[in-house]
Amino acid sequence: VTETGLVDPTQFDDSSKYHDPASKQDSPRWDCVKLAYCGQFSEMLTLDDLRESYQADQLTVVRRGNRLSILPVDTEIAMDLLKRLGPLQ
610 VTETGLVDPT QFDDSSKYHD PASKQDSPRW DCVKLAYCGQ FSEMLTLDDL
660 RESYQADQLT VVRRGNRLSI LPVDTEIAMD LLKRLGPLQ
């Protein structure tokens with residue numbers, strides 16, 4: 610993430626599927642972040658890999674019914690996952 614708190618311009622675009630007629634230029638309802646690509650990991654972890662290694666109370670994403678989305682991860686588990694993913698290329 611290179612920038613946060615940016616106004617999402619698609620909310621004002623009539624031709625966008627994200628258009629929000631209730632959102633006004635002087636009081637926007639939606640914001641967004643700017644991302645930058647920094648590489649890819651040498652390994653891939655699947656949801657099945659995660660389920661084999663972690664219980665639902667350890668890693669929210671393996672809990673049944675959760676969407677694959679942005680979810681909290683304990684620092685220790687995050688460090689383990691980064692090691693398993695291998696170096697960033």
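For the sequence shown, my numbering assigns the number 610 to the initial residue and increments by one for each residue that follows.
Just so you know, even glycine gets a beta-carbon here, dropped at the ideal spot from N, CA and C.
Give the straight-line distance between the Cα atoms of residue i and residue j, rounded to the nearest whole angstrom.
{"i": "Lys692", "j": "Asp635", "result": "45 Å"}
{"i": "Asp623", "j": "Cys641", "result": "18 Å"}
{"i": "Arg676", "j": "Asp657", "result": "14 Å"}
{"i": "Asp666", "j": "Asp629", "result": "37 Å"}
{"i": "Tyr663", "j": "Pro618", "result": "39 Å"}
Just to confirm, is the Cβ distance from residue i to residue j under 7 Å?
{"i": "Gly648", "j": "Leu697", "result": "yes"}
{"i": "Ile686", "j": "Leu659", "result": "no"}
{"i": "Glu612", "j": "Lys633", "result": "no"}
I need the boundaries of the alpha helix (DSSP H) containing residue i, first residue and last residue.
{"i": "Leu700", "result": "One cannot answer for residue 700 here, as it falls past the ends of the chain, which runs 610 to 698."}
Tell me which residues share the same chain as residue i and place their Cβ nearer than 6 Å to its Cβ, disregarding the 5 neighbours each side in the sequence.
{"i": "Leu694", "result": "Phe650 and Glu652"}
Please work out which residues of its chain come closer than 7 Å, Cβ to Cβ, to residue i, disregarding the five sequence neighbours upstream and downstream, and give them in chain order.
{"i": "Val616", "result": "Pro637 and Asp640"}
{"i": "Gln620", "result": "Tyr627, His628, Asp629, Ser632, Pro637, Arg638 and Trp639"}
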